[in-house]
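K.L.:
First the structure, then my questions, so here it is.
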Amino acid sequence: MEQIVRNCLVDDNFVKKWHPLYDDSDIGGDYFEYEEIIKKVSTEISQGTISKSTFIDILDWKAPRVKGIIKLDNFDYYAKGIKKALEAPENHKLTILDDLYGIGVPVASTILHFIYPSLFPIMDIRVAEVLYYSGYLKAKSRTQNNYNNFRRVILNISQQSQYTLREIDRALFAYHKIELEPKIRIK
Numbered sequence: 001m002e003q004i005v006r007n008c009l010v011d012d013n014f015v016k017k018w019h020p021l022y023d024d025s026d027i028g029g030d031y032f033e034y035e036e037i038i039k040k041v042s043t044e045i046s047q048g049t050i051s052k053s054t055f056i057d058i059l060d061w062k063a064p065r066v067k068g069i070i071k072l073d074n075f076d077y078y079a080k081g082i083k084k085a086l087e088a089p090e091n092h093k094l095t096i097l098d099d100l101y102g103i104g105v106p107v108a109s110t111i112l113h114f115i116y117p118s119l120f121p122i123m124d125i126r127v128a129e130v131l132y133y134s135g136y137l138k139a140k141s142r143t144q145n146n147y148n149n150f151r152r153v154i155l156n157i158s159q160q161s162q163y164t165l166r167e168i169d170r171a172l173f174a175y176h177k178i179e180l181e182p183k184i185r186i187k
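Taken in order, the sequence shown gives residues 1 to 187; the numbers are from our numbering.
In structure tokens:
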């Protein structure tokens, strides 16, 4: 691993400094969309799945390009997969969603995060790269195997700090956009 980031400790001070910067529209700035999806999912999930509209909102929020791959005309297929994931043990939920056509680990983790915001962090390439270049992860790939390590690291940071998974995600994302991305581009 090439050392691009030195001595980057992701702790209370890091999250406190970086997560507010995410609100800049050039960085993230998606607070309202995120909160709306959280509300919709928490209302719908008691029915055992989420609506097609909410599913599309999640795709638009996380990875709009995936809508060209997902078979939206067969939403029942995805609704059944989400229902199956809800009923599965915690360690099988991601695999069930990742196995759905066109989903992938980043979108699967996002769906799980909106359902379980304190249990499943969103696996984003930017966040994974910060953790990788800081020495927290051995790989930055967004695979099922690496998600387990990624999740363990994010949950550990959350347990050792006063911050939520979302606040940690926002901090790492902002740090990537402001500090890490320019360094990666010039290497």
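Beta carbons: idealized from backbone N, C-alpha and C, even for Gly.
Looking at leucine 180 and valine 107, is the spacing between their C-beta atoms short of 8 angstroms?
P.N.:
Position 107 of the sequence shown, counted from the first residue, corresponds to residue 107. Position 180 of the sequence shown, counted from the first residue, corresponds to residue 180. One thing to note: valine 107 has its Cβ no nearer than 8 angstroms to the Cβ of leucine 180.
K.L.:
Quick check on this structure: which residue in Ser109, Lys52, Gly48 has the alpha carbon closest to the alpha carbon of tyrosine 147?
P.N.:
Residue numbering aside, residue 147 sits at position 147 when the sequence shown is read from its first letter. Closest by alpha carbon: Ser109.
K.L.:
Measure the alpha-carbon distance for glycine 81 versus tyrosine 22 and round it to whole angstroms.
P.N.:
Position 81 of the sequence shown, counting from 1, holds the residue named residue 81. Position 22 of the sequence shown, counting from 1, holds the residue named residue 22. Inter-residue distance for glycine 81 and tyrosine 22 is about 32 angstroms (C-alpha atoms, whole angstroms).
K.L.:
Which two residues bound the contiguous alpha helix (DSSP H) that contains histidine 19?
P.N.:
Within the sequence shown, numbered from 1, the residue matching residue 19 stands at position 19. Secondary structure note for histidine 19: it is in no alpha helix (DSSP H), with a DSSP letter that is neither H nor E.
K.L.:
Scan the segment 82-164 and note each continuous alpha helix (DSSP H) run of 4 residues or more that stays entirely inside, going in chain order.
P.N.:
90-98, 104-115, 125-133, 144-160
K.L.:
Quick check on lysine 40: does DSSP put it in helix, strand or coil?
P.N.:
Counting from one through the sequence shown, the residue named residue 40 turns up at place 40. Three-state DSSP puts lysine 40 in a helix.
K.L.:
What is the rounded straight-line gap between the Cα of glutamate 44 and the Cα of proline 20?
P.N.:
The residue given as residue 44 occupies position 44 in the sequence shown. The residue given as residue 20 occupies position 20 in the sequence shown. Straight-line measurement puts the Cα of proline 20 at about 29 angstroms from the Cα of glutamate 44.
K.L.:
In whole angstroms, give me the CA-to-CA distance for threonine 54 and isoleucine 37.
P.N.:
To locate residue 54, count along the sequence shown from 1; it is residue 54. To locate residue 37, count along the sequence shown from 1; it is residue 37. The alpha-carbon atoms of threonine 54 and isoleucine 37 are separated by roughly 7 angstroms.
K.L.:
Measure the alpha-carbon distance for phenylalanine 165 versus tyrosine 78 and round it to whole angstroms.
P.N.:
Taking the first residue of the sequence shown as position 1, residue 165 is located at position 165. Taking the first residue of the sequence shown as position 1, residue 78 is located at position 78. One point to set straight first is that residue 165 is leucine, not phenylalanine, in the sequence displayed. Taking the straight line joining both Cα atoms gives about 25 angstroms.
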